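Report on the structure given below.
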Amino acid sequence: PANRGRLMDRGLWSWTRHPNYFGDFCVWWGLFLVACDAGLAAATVSVVSPLAMTYLLIGGSGKRLLERRMADRPGWAAYAARTSGFLPRPPRRSR
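Each residue of the sequence shown is one higher than the one before, starting from 7 at the first, in our numbering.
Pasting the structure below:
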């Protein structure tokens with residue numbers, strides 16, 4: 007394809023560099039909220055999974071390793087400067 011090797015910076019990727027990781031984050035925390043309805047014991051036990059996944063997605067093997075690998079790609083620094091690292095938000099304007 008014509009865009010092979012280029013950074014994806016359209017659609018969701020213009021609001022966050024990792025929309026797939028943010029989606030996983032929402033699913034895990036949503037499951038925790040469902041478990042909260044089952045009572046305090048279920049909520050206490052079920053909080054382990056979203057906490058672990060949040061760590062893995064943001065600080066562990068997900069975002070951190072991917073961004074390290076992408077750092078040398080052309081255009082990455084500008085993309086990273088204008089785009090949120092995890093939580094979706096409108097892109098910053100270029101200066």
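Just so you know, even glycine gets a beta-carbon here, dropped at the ideal spot from N, CA and C. Nothing here was measured: the structure is a model prediction, and the numbers come from that model.
Going by DSSP, name the residue or residues bridged to S90. T22
Applying the criterion that 16 or more other CB atoms from any shown protein chain within 10 Å of the CB defines a buried residue, is L93 buried or exposed? exposed
Going by Cα to Cα distance, which pick from N9, A8, C32, L13 is closest to P80? L13
Nearest CA to the CA of Y27: which residue from L72, M76, L37, C42? L72
Pick from S20, W19, S52: whose alpha carbon is nearest that of V33? S52
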